[in-house]
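Residue numbering for the sequence shown is -23 to -1, 1 to 135, as defined by mature numbering (1 follows the signal peptide of the UniProt record, and there is no 0).
The structure appears below as structure tokens.
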Amino acid sequence: MPSRSVRLLPLLLACAWPVVAPAQDTADTGHVCASTVEPAQRLACYDRAFPPPPAVQQAATARAVDAFGLPRATTPMRNPQQSAEDADPTAIDARVSSVDHAGGRRTVTLDNGQRWSVEGGIAGPLVAGDVVTIRKGALGSHLLRTPGGVSLRARRVR
């Protein structure tokens, strides 16, 4: 009986060796993306290797629209297969929920929850229900275009 187990031991070790060897090698080197030093490039590498599901891409697009007009320090990162326009829109269309004329300033609240302070006095009348377009202007500014075609300087408040 001992001779039979001695003969099976090399066979057992030969079968187990390929399973153990790659596991040790992977633990030492990790994924190829792990060796990328720059964080944005490393994230892009992992996104190419393991692409996010469509729900994640749709959520990123919605988040970009919510953040439109808020100041930011850097260019936003985007998911693979996501266009630059989806990651950083140049304009949004929204319906006016309310217009407030408090403190000598006109503040417009949109149906998506955004609040914009609008300059321009009485030019370009706005009422609740109007559909406006807010687009990026020069040097980080924004322009709110009224249904009447008047463009007014706007600044995101909230």
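A virtual CB, placed ideally from N, CA and C, is assigned to each residue, including glycine.
Through-space distance from residue j to residue i, alpha-carbon basis
i, j, result
"Asp99", "Val127", "Here residue 99 turns out to be Ile, not Asp, going by the sequence shown. Looking at the two C-alpha atoms, the distance is approximately 11 Å."
"Ala(-3)", "Leu47", "For Ala(-3), the predicted structure reports a pLDDT of 48, less than 50, and the residue's modelled location is therefore unreliable. A value from the coordinates is still provided. Whole-angstrom Cα-Cα distance: 52 Å."
"Ala32", "Arg40", "12 Å"
"Trp93", "Glu15", "36 Å"
"Val42", "Ala36", "10 Å"
"Gln91", "Pro102", "19 Å"
Minimum Cβ-Cβ distance from residue i to chain B less than 8 Å
i, result
"Asp24", "Among the chains of the structure shown, chain B does not appear; only one protein chain is present."
Contact belief for residue i with residue j at Cβ below 8 Å, rounded distance in angstroms
i, j, result
"Arg72", "Gly106", "7 Å"
"Asp70", "Val108", "6 Å"
"Thr110", "Ala44", "With 8 Å as the limit, Thr110 and Ala44 do not qualify as a contact, their Cβ atoms being about 17 Å apart."
"Val95", "Leu116", "Actually they are not in contact, since the Cβ atoms of Val95 and Leu116 sit about 18 Å apart, beyond 8 Å."
Other residues of its chain near residue i: CB distance less than 7 Å, five sequence neighbours each side excluded
i, result
"Gly97", "Leu129, Arg130"
"Ser75", "Thr86, Ala105"
Terminal residues of the alpha helix (DSSP H) in which residue i lies
i, result
"Asp43", "31 to 43"
"Asp70", "Not the alpha helix (DSSP H): Asp70 falls in the beta strand (DSSP E), residues 68 to 77."
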